[in-house]
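Before any comments, here is the structure.
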Amino acid sequence: MSTIILTILLFNLGLVRREKISQETLFSSANGKFLYSLEYATEGVGEIPIKRFSLYDKEKRLLFTKTLPGEEAFFVSDAGWLVGIFGSHPRARLTFYDLKGSVKKQVTVEYPYGYSFSLSGNLFYVNTPKGILAFNSQGKIVYRFNPPGHFFPSSDDKFLAVIKEDSLFIFRDGKIFAKSSLSSLLFRHLAFSPDNKFLAVAEKHSLSLFSVEENLQPLWQKEFNFSTSLLKIAVDNEGIVYLAGEETKEKRSGFLMALKDGITVSQIEIPYLADYETILGISFLGDTISVRTTENKFYFVQE
Numbered sequence: 001m002s003t004i005i006l007t008i009l010l011f012n013l014g015l016v017r018r019e020k021i022s023q024e025t026l027f028s029s030a031n032g033k034f035l036y037s038l039e040y041a042t043e044g045v046g047e048i049p050i051k052r053f054s055l056y057d058k059e060k061r062l063l064f065t066k067t068l069p070g071e072e073a074f075f076v077s078d079a080g081w082l083v084g085i086f087g088s089h090p091r092a093r094l095t096f097y098d099l100k101g102s103v104k105k106q107v108t109v110e111y112p113y114g115y116s117f118s119l120s121g122n123l124f125y126v127n128t129p130k131g132i133l134a135f136n137s138q139g140k141i142v143y144r145f146n147p148p149g150h151f152f153p154s155s156d157d158k159f160l161a162v163i164k165e166d167s168l169f170i171f172r173d174g175k176i177f178a179k180s181s182l183s184s185l186l187f188r189h190l191a192f193s194p195d196n197k198f199l200a201v202a203e204k205h206s207l208s209l210f211s212v213e214e215n216l217q218p219l220w221q222k223e224f225n226f227s228t229s230l231l232k233i234a235v236d237n238e239g240i241v242y243l244a245g246e247e248t249k250e251k252r253s254g255f256l257m258a259l260k261d262g263i264t265v266s267q268i269e270i271p272y273l274a275d276y277e278t279i280l281g282i283s284f285l286g287d288t289i290s291v292r293t294t295e296n297k298f299y300f301v302q303e
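Given below as C-alpha cells:
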C-alpha cells in the first residue's frame, strides 16, 4: 500500500442488511455470514419479549427456529454463536447459544449499558459501571477491563482501547499496557492497524496517530474542522490513515481521505444512493479499501 492514488472501482455492492424473504424481514450479522429474523410477542413500550427467532446461513438455509425464547434482543456473531439479552436495569440475563439453538450458558450482569462483538466475533463485550466484561462463546468471562468507557478492540482481540473522558487506555491481553491523554473530551472514532503497530484517534477538531509499540508515542497530529459528526477512520500497516465521513445531507455524498505523516495525499467522493445512508466503517481487503454504509452497501476503492 505505497501508492496513494484512489479510484472507485465498484459501488453499491454487497449485502442488504434488511431484505424480504417469504414475508420475513431478515437482518444480517456484521459481515453477512448469518441472517436472522425476529417476531415480537406484543407491541408497546418497555420490555417486549421476542416471540420467535430464526437463524439462517448466508445462503438463506434455516439453521434453527426458537419459539418464545424469552429474549428481548439477539446478537449474532460471524464466528458462529449468539447471545440473547433479557432485561437491563438493575440486571440483565445473557444467554449464550450455539448454531443449533442449544443453550451453552446463562449469566447475569448488573447495570449493563452497552453490548458489542469484537471484530473477530470471538469475544462479546458488555459495558457496565464497574468495568468492561469480555465473554467467550461458552459464556465464560475471559477479561475484565477497568475503567469502563468507549471501547475499541483490535482485529485479533489482543488489544483493547478504552476512552474514559480525556484519557486513553490500551489493554494488552487483558492488562493495562499504555495510557495517554487526549486533547479534548470531544472524541469521535479510533482504530488499530491490522498489525497493531499504530493507533489512529479522531477527535472533534483533530486526527492523531500513535505508536502502540512505543507506549503510545505521538507520531503526528493534524487539525481539522469537520462539519459532520459521522466520522470513521482506519489505519494500515504503513501508518497511512484513512478517514471517511459525510459531506452534507443535501449532497447525500461522503468522502474518503488518505493521510501520510499528517499530510493529505488523496481525497475522493463517495456517492450515496439512499436518503439516510451513512458510513459505518472502513476495512482493508488486500490492496482494496472497503467502506461500508448503513444499507450494508460496500464501496470498493483500490490504492
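When we follow the working numbering, the leftmost residue of the sequence shown carries the number 1, and every step to the right adds one.
For every residue, glycine included, the Cβ atom is placed at its ideal position computed from N, Cα and C.
Please state if the CB of residue j and the CB of residue i are separated by a distance shorter than 8 Å.
| i | j | result |
| --- | --- | --- |
| residue 155 | residue 77 | no |
| residue 57 | residue 34 | yes |
| residue 170 | residue 200 | no |
| residue 115 | residue 85 | yes |
| residue 203 | residue 219 | no |
| residue 96 | residue 137 | yes |
| residue 112 | residue 88 | yes |
| residue 79 | residue 120 | yes |
| residue 280 | residue 293 | yes |
| residue 109 | residue 139 | no |
| residue 152 | residue 125 | no |
Which residue wins for smallest C-alpha separation from residue i, given the options the options?
| i | options | result |
| --- | --- | --- |
| residue 157 | 237, 189 and 118 | 118 |
| residue 267 | 261, 255, 260 and 277 | 255 |
| residue 196 | 236, 203 and 205 | 236 |
| residue 258 | 286, 282 and 151 | 282 |
| residue 73 | 94, 81 and 148 | 94 |
| residue 129 | 75, 144, 289 and 39 | 144 |
| residue 39 | 52, 215 and 32 | 52 |
| residue 100 | 287, 83 and 253 | 83 |
| residue 224 | 71, 59, 211 and 262 | 262 |
| residue 205 | 192, 185 and 215 | 185 |
Drop a sphere of 10 angstroms on the beta-carbon of residue i, count the other beta-carbons inside from all chains shown, and report buried for 16 or more, exposed for fewer.
| i | result |
| --- | --- |
| residue 62 | exposed |
| residue 15 | Any reading at residue 15 must be qualified, since the residue scores a pLDDT of 33, below 50, and its modelled position is unreliable; no value is offered. |
| residue 69 | buried |
| residue 176 | exposed |
| residue 188 | buried |
| residue 162 | buried |
| residue 322 | Absent from the model: residue 322. The displayed extent of the chain is 1 to 303, so no value can be given. |
| residue 383 | Outside the displayed range of the chain (1 to 303) lies residue 383, so it cannot be described from this structure. |
| residue 241 | buried |
| residue 25 | exposed |
| residue 44 | With a pLDDT of only 49 at residue 44, under 50, the local geometry of the prediction cannot be trusted, and the value read off the model is given with reservation. Result: exposed. |
| residue 66 | buried |
From the DSSP output, which residues share a beta bridge with residue i?
| i | result |
| --- | --- |
| residue 63 | According to DSSP, residue 63 bridges with nothing at all. |
| residue 218 | 210 |
| residue 244 | 232 and 256 |
| residue 283 | 290 |
| residue 115 | 126 |
| residue 73 | 85 |
| residue 105 | 96 |
| residue 49 | Beta-bridge pairing links residue 49 to no other residue. |
Worksheet item: Could you give the uninterrupted runs of the beta strand (DSSP E) lying entirely in the segment 120-200, keeping only those of 3 residues or more?
Response: 124-128, 131-135, 141-145, 150-153, 159-164, 167-172, 175-181 and 187-192
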